[in-house]
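Undergrad: Got a structure here, written out as structure tokens. Questions coming.
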Amino acid sequence: MNIVKTRENDKMVLSLEGRLDTMTAPALEAEVKGSIDGVKELVFDFEKLEYVSSAGLRVLLASQKIMNKQGSMCIRHVNEVIMEVFEVTGFSDILTIQ
306 MNIVKTREND
316 KMVLSLEGRL
326 DTMTAPALEA
336 EVKGSIDGVK
346 ELVFDFEKLE
356 YVSSAGLRVL
366 LASQKIMNKQ
376 GSMCIRHVNE
386 VIMEVFEVTG
396 FSDILTIQ
């Protein structure tokens, strides 16, 4: 998985490409935890993300909990496969998906 980070003032966009799974989730978690200070708006861009596993969902949930305290988080460009995972797991009710 590739992670492209763009930060502008207090907004950070993480664009993900590939698969967010057991092997790649720790890299995303480290990126979020290492970059989140001072961020008021966190955006995940899933335009090029093909798959998300339970390990990836855990990282998204942890990120949402952090952002609930310091700002907002949203996920953009979710494909049908990932949207189905969000709906089946109930994450579509927890996360802001645009």
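If you use this note's numbering, the sequence shown corresponds to residues 306 to 403, in order.
Each residue gets a CB set at the ideal place from its N, CA and C atoms; glycine is no exception.
This one's a predicted model, so the numbers in the text were calculated from it and none came from an experiment.
#1: Give me the residue from L400, K374, D326 and K345 with the minimum Cα distance to R381.
#2: Which runs of the beta strand (DSSP E) fall wholly inside the stretch 360-398 and span at least 3 residues, in chain order?
#3: Roughly how many whole angstroms lie between the Cα atoms of Q403 and Q375?
#4: Let's see if you can read the secondary structure: which residues bound the beta strand (DSSP E) around V337?
#5: Note down the Cα distance separating L321 from F351, rounded to an integer number of angstroms.
TA: Reading it off the structure:
#1: Distance check between R381 and each of L400, K374, D326 and K345 places L400 closest, using alpha-carbon atoms only.
#2: 377-381
#3: 20 Å
#4: No beta strand (DSSP E) contains V337, which is instead part of the alpha helix (DSSP H) from A330 to S340.
#5: Taking the straight line joining both Cα atoms gives about 6 Å.
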